[in-house]
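A.B. asks: Using full-length UniProt numbering, read the sequence shown as starting at 1 and increasing by one per residue.
No residue lacks a Cβ here, since even glycine has one placed at the ideal position from N, Cα and C.
Source: prediction; values computed, not measured.
I'd like to ask you about the structure that follows.
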Amino acid sequence: MPKAETGRFAAAVLPVTARTITTDAAGLLAGPVAIPAHGLQMPAYRAAPAGRQGLPVVLVACEIFGLHEHIADVCRRFARQGYLAIAPDPFARHGDAAACTDIPRLLAEVVGPAADAQVDGDLDATVAWAAAQGGDTGRLGITGFCWGGRTAWSYAAHSAALKAAVAWYGPVARSYHAGDPTVIDRAARIRAPVLGLYGAADGGIPVDTLTRLDAALQAAGNTGCEFVVYPDTPHAFFADYRPSYRAAEAEDGWNRCLAWFKQNGVA
């Protein structure tokens, strides 16, 4: 099981920066759990205010680097806001993403095999587990970063139970698993309101692809999605453990994320 509680960061991006945020777990029920998911005891990290039931549920979808300390800390941040936050590790079937130091190999051997159908099923299993733990899955949200940002869009096209999603710099015009449709391809199936948070200087996600997605959503009658594109801002601007971190944009995005969930029934 990934040892997020011990402070293990993704090996591919070490060393971490001095600006890394650490959220205290005092007063929280926080730590690794195992979620039954289609024959796998899937590793996950759970954080919630201790002793409370009926909490709204937020799924936290990881980057390509899998379940590591930054993702665990994001869960604790949500728990501090009164959520049951759960970050599953959908790459666990294929390898240990957090331990991999070779990014091309990571993408080919660990991330690439995780097809949308598998990931959506693993997220469904996570929602079922949250309900069994006393979470209020009638108030269900998802957020994610990079690969996980795309996953937030993808799950919004899959889950009828989802109330809202927040996608941080998730690619919309390409997929990671060969044969999977792009987010633009699945736009007509997205019904939940999605907030997309992006950087204008993200070389891997051209702004024109966001324009194309917005047009596809509008054509499908989904007028509830919004995009925020921060000027002169790179990819992974929320990742405080990496040099790409931009504090002002990250704080603004976090506040927008919390407001989006409250506005759309995930609070």
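Write down every uninterrupted run of the beta strand (DSSP E) in the segment 20 to 107 whose length is 3 residues or greater and which is fully enclosed by it, in chain order.
C.D. replies: Listed in chain order, the complete beta strand (DSSP E) runs (minimum 3 residues) inside the segment 20 to 107 are 28 to 37, 40 to 49, 56 to 61, 84 to 88.
A.B. asks: Out of Val57, Arg212, Tyr169, Asp185, which has the shortest C-alpha to C-alpha gap to glycine 196?
C.D. replies: Closest option to glycine 196, Cα to Cα, is Tyr169.
A.B. asks: Any beta carbon from chain D within less than 8 angstroms of glutamate 63's own beta carbon?
C.D. replies: Of the protein chains in the structure, only one exists, and it is not chain D.
A.B. asks: Thinking C-alpha only, which one of Leu29, Ala44, Ala30 is nearest proline 36?
C.D. replies: Measuring from the Cα of proline 36, the nearest candidate turns out to be Ala44.
A.B. asks: Compare the Cα-Cα distances from tyrosine 245 to each of Thr20, Arg256, Ala125 and report the closest residue.
C.D. replies: Considering only alpha carbons, the answer is Thr20.
A.B. asks: Can you check which of these residues, Gly221, Phe238, Pro231, Arg139, is closest to proline 56 by C-alpha distance?
C.D. replies: Measuring from the Cα of proline 56, the nearest candidate turns out to be Arg139.
A.B. asks: Quickly, what does DSSP pair residue 269 with across the bridge? List them, please.
C.D. replies: This structure gives no information on residue 269, because the portion of the chain shown stretches from 1 to 267.
A.B. asks: Cβ of glutamate 69 within 8 angstroms of Cβ of phenylalanine 9?
C.D. replies: Contact: yes.
A.B. asks: Looking at alanine 161: is its Cβ nearer than 8 angstroms to the Cβ of glycine 149?
C.D. replies: No, the Cβ-Cβ distance between alanine 161 and glycine 149 is not below 8 angstroms.
A.B. asks: Taking all protein chains shown into account, do 16 or more other C-beta atoms lie within 10 angstroms of the C-beta of histidine 158, making it buried, or fewer, making it exposed?
C.D. replies: With 16 or more other Cβ atoms within 10 Å, it is buried.
A.B. asks: For phenylalanine 145, write down the residues that DSSP places opposite it in a beta bridge.
C.D. replies: Per DSSP, Trp168.
A.B. asks: Within the continuous alpha helix (DSSP H) that includes asparagine 255, where are the two ends?
C.D. replies: From DSSP, the alpha helix (DSSP H) with asparagine 255 extends over 247 to 263.
A.B. asks: Give a yes or no on contact between the segment 83 to 97 and the segment 127 to 138, applying the rule of three or more CB pairs nearer than 8 angstroms.
C.D. replies: Yes, since at least three Cβ pairs between the segment 83 to 97 and the segment 127 to 138 fall closer than 8 angstroms, the two stretches touch.
A.B. asks: Assuming serine 154 contacts aspartate 116 (C-beta within less than 8 angstroms), just tell me the rounded distance between them.
C.D. replies: About 5 angstroms separates the two Cβ atoms, so the contact holds.
A.B. asks: In whole angstroms, what is the alpha-carbon distance linking proline 15 and asparagine 264?
C.D. replies: Their Cα atoms are separated by approximately 38 angstroms.
A.B. asks: Expressed to the nearest angstrom, what Euclidean distance is found between the alpha-carbon atoms of histidine 94 and proline 206?
C.D. replies: Looking at the two C-alpha atoms, the distance is approximately 30 angstroms.
A.B. asks: Are aspartate 232 and alanine 200 closer than 8 angstroms when you measure CB to CB?
C.D. replies: Contact: yes.
A.B. asks: Taking buried to mean at least 16 other C-beta atoms within 10 Å of its own C-beta, is arginine 242 buried or exposed?
C.D. replies: Classification of arginine 242: buried, given that the 10 Å Cβ count is 16 or more.
A.B. asks: Less than 8 angstroms separating the beta-carbons of cysteine 100 and alanine 12?
C.D. replies: Yes, Cβ-Cβ distance for cysteine 100 and alanine 12 is below 8 angstroms.
A.B. asks: From valine 33 to alanine 26, what does the alpha carbon distance come to, in whole angstroms?
C.D. replies: So the two alpha carbons sit approximately 18 angstroms from each other.
A.B. asks: Tell me which residues share the same chain as cysteine 75 and place their Cβ nearer than 6 angstroms to its Cβ, disregarding the 5 neighbours each side in the sequence.
C.D. replies: Hits under 6 angstroms: Tyr45, Ala47, Val60, Ala85, Ala87.
A.B. asks: How would you write the range of the alpha helix (DSSP H) that glycine 121 sits in, first residue to last?
C.D. replies: From DSSP, the alpha helix (DSSP H) with glycine 121 extends over 116 to 132.
A.B. asks: Exposed or buried, arginine 174, counting other C-beta atoms within 10 Å across all chains shown (16 or more means buried)?
C.D. replies: Exposed is the call here.
A.B. asks: At a cut-off of 7 angstroms, is valine 60 close to the ligand FMN when judged by its beta-carbon and the heavy atoms of the ligand?
C.D. replies: With respect to the ligand FMN, the structure offers nothing, as it holds no ligand at all.
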